[in-house]
Amino acid sequence: MSSKKVYVVGVGMTKFEKPGRREDWDYPQMAKESGTKALQDAGIAYDEVEQAYVGYVYGESTAGHRAVYGLGLTGIPVFNVNSNCSTGSSALFLAAQAIRGGLADCTLALGFEKMQPGSLGSTFNDRTQPMDRHIDLLAQISEVRFPPAPWMFGAAGREHMQEHGSEPVHFAKIGEKNHRHSVNNPYAQFQDEYTLDDILAAKEIYSPLTKLQCSPTSDGSGAAILASEDFVDRHGLAGQAVEIVGQALTTDFETSFSTRKAKDVIGYDMNVQAARQVYEQSGLGPEDFQVIELHDCFSANELLLYEALGLCDEGDAPRLIDDGQTTYGGKWVVNPSGGLISKGHPLGATGLAQCAEMTWQLRGTADKRQVDGVEAALQHNIGLGGSAVVTAYQRAER
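Under my numbering, the letters of the sequence shown match residues 1 to 398, in that order.
This is the structure we're talking about:
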């Protein structure tokens with residue numbers, strides 16, 4: 001089945017903030033800010049958008065509709081998207097799919113989150129929890145600790161230490177790198193640089209993870225305008241357009257539970273399969289990308305993703321880290337934005353913020369974060385329970 005090309009022609013985001021830091025900043029204001037920036041970046045009016053896909057995790061049923069009312073009341077279909085931490089990139093996937101399938105020429109993907117301070121918690125406790133199978137299995141193979149998120153990813157980190165010899169310092173080096181990168185990102189919740197000793201000495205959350213290796217709760221929003229080739233040509237947008245050359249969304253496989261591995265409970269196989277699909281679609285391999293934004297909700301996940309995305313063989317992530325291959329001057333620059341650990345993690349907005357960073361990097365407009373010679377960029381976003389979304393980008397003129 002043939003499909004149409006998809007381009008990112010406009011992106012926008014708010015600064016990510018500590019929950020409640022900005023007074024009178026509710027999700028409609030966040031969405032209007034990011035959406036307006038994306039429309040202005042694309043140079044189009046909202047009435048040219050044919051469909052909107054709006055993602056959030058915490059909120060009432062049609063909050064996505066309310067979020068885009070600040071951009072215009074044009075009667076277009078608005079779809080509310082919720083897929084845990086992969087919500088933003090799931091909205092991006094759906095908005096791209098509408099263009100890829102010829103159902104629209106211009107779509108909006110927007111994500112936002114207004115969060116409570118502290119660890120993530122459940123809202124509806126009178127019914128089955130979506131991750132009950134994941135948590136039950138992990139409790140059989142790992143020491144139980146709450147809150148659940150750092151326990152789940154920390155357990156996968158401990159498993160890697162036991163099986164492959166990684167050490168706490170390797171996870172800490174990831175935290176040090178991402179905080180250092182965030183210094184140059186005005187959109188980041190944190191812009192503080194820490195030494196490796198600072199990272200290691202921070203409060204332990206769940207060994208080997210310390211507080212400075214864990215993403216914070218955040219308020220914020222991100223948006224992207226997607227368009228078909230015809231739309232790009234009609235509006236003269238080729239000079240700023242970025243093509244999505246590969247994109248895949250996977251959900252849990254049987255192996256998520258059958259291997260009885262902590263890494264598969266947190267989505268390792270989902271990540272592997274999504275990446276493979278994208279490499280096949282795009283004709284690109286890991287070596288062809290210069291810059292990567294990936295889902296470092298915890299440093300343990302970033303380490304495992306080096307292997308899942310094929311940056312190195314299984315078990316070789318520590319060597320990649322020690323050799324400095326994932327920062328400026330290395331083979332890839334991973335999370336130049338500061339990643340979730342330092343940029344922040346407003347769940348519904350994260351995937352769209354990653355898209356914005358990749359678009360700026362490919363345009364060469366990422367200011368002090370700019371990676372040299374960017375020809376292709378890779379994005380990864382995951383939500384437990386569960387979905388993994390991987391997207392590959394190249395400049396349109398290619």
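Glycine included, C-beta positions come from ideal geometry on N, C-alpha and C. Predicted model, so just to flag it, every value in this text is computed and none were measured.
- Cα atoms of Gly88 and Pro186: separation of roughly 20 Å, rounded to the nearest angstrom.
- Residues of the same chain with a CB within less than 7 Å of the CB of Pro150, apart from the 5 flanking positions on each side, are Ile205, Tyr206, Leu209, Cys214, Phe298 in chain order.
- Excluding residues up to 5 positions away in sequence, Gly72, Thr74 lie with their Cβ nearer than 7 Å to the Cβ of Asp47 in the same chain.
- Between His380 and Leu309, the gap from beta carbon to beta carbon is short of 8 Å.
- Inter-segment contact for the stretch 77-97 and the stretch 48-63 is present: three or more beta-carbon pairs are separated by less than 8 Å.
- Under the three-state reduction of DSSP output, Phe190 falls in the coil class, being neither helix nor strand.
- When the alpha-carbon of Thr251 is set against those of Gln40, Ile382, Gly10, the nearest one is in Ile382.
- Segment contact: the stretch 18-36 against the stretch 102-112, three or more CB-CB distances shorter than 8 Å; contact assigned.
- Pairwise C-beta distances place the stretch 383-391 out of contact with the stretch 212-226, as fewer than three of them are shorter than 8 Å.
- 8 Å or more divides the Cβ of Ala317 from the Cβ of Pro336.
- Counting only runs of 3 or more residues that sit fully inside the stretch 351-397, the beta strand (DSSP E) segments are 376-383, 387-395, in chain order.
- Here Gln394 is buried. Its C-beta has 16 or more other C-beta atoms within 10 Å.
- For the set Asn84, Thr128, Leu347, the Cα lying nearest the Cα of Pro19 is the one of Leu347.
- DSSP places Tyr268 in the helix class (H, G or I) of the three-state scheme.
- By the 16-neighbour rule on beta-carbons within 10 angstroms, Val144 is exposed.
- With at least 16 other beta carbons inside 10 angstroms of its own, Lys37 counts as buried.
- Rounded to whole angstroms, Tyr69 and Gly35 show a C-alpha spacing of 11 Å.
- Collapsing the DSSP output to three states places Asn82 in coil.
- Contact check for Ser221 and Met13: beta-carbon distance about 7 Å, within the 8 Å limit, so the pair qualifies.
- The C-alpha of Val183 lies about 13 Å from the C-alpha of Lys15.
- Contact between the stretch 281-289 and the stretch 370-378 is present: three or more C-beta pairs spanning the two stretches fall below 8 Å.
- For Met13, no alpha helix (DSSP H) encloses it; the enclosing beta strand (DSSP E) starts and ends at 6-13.
- For the 8 Å CB-CB criterion, Asn301 and Phe153 form a contact.
- Beta bridge pairing from DSSP links Asp219 with Glu17.
- Counting other Cβ atoms within 10 Å of its Cβ, Gly267 reaches 16 or more and is therefore classed as buried.
- Within the same chain, Cβ atoms closer than 8 Å to the Cβ of Gly351 are found at Gly55, Ser86, Thr87, Gly88, Ser89, Ser90, Ala91, Leu92, Gly111, Gly222, Gln379, Asn381, Val389, the five residues on either side in sequence being excluded.
- In the structure shown, the three-state DSSP call for Ile225 is strand.
- For Ile44, there is no enclosing alpha helix (DSSP H), as DSSP gives it neither H nor E.
- Around the CB of Ile199, 16 or more other CB atoms lie within 10 Å, so the residue is classed as buried.
- His164 is positioned such that its CB atom lies closer than 8 Å to that of Gly315.
- Using a C-beta cut-off of 8 Å, the stretch 256-265 makes contact with the stretch 131-138, since at least three inter-stretch Cβ pairs fall below that distance.
- Non-local beta-carbon contacts of Ala104 in its own chain, meaning distances under 7 Å to residues more than five positions away in sequence, involve Glu50, Gln51, Ala98 in chain order.
- Its Cα nearest to that of Val9, the residue Leu226 stands out among Leu226, Ile292, Phe257.
- With contacts defined by Cβ atoms closer than 8 Å, Ala42 and Leu237 form a contacting pair.
- Take Arg66, set aside five residues on each side of it, and the residues of its chain with a beta-carbon closer than 7 Å to its own are Pro28, in chain order.
- Taking the Cα of Glu280 as reference, the smallest distance to any Cα among Gln191, Val291, Thr391, Asn82 is reached at Thr391.
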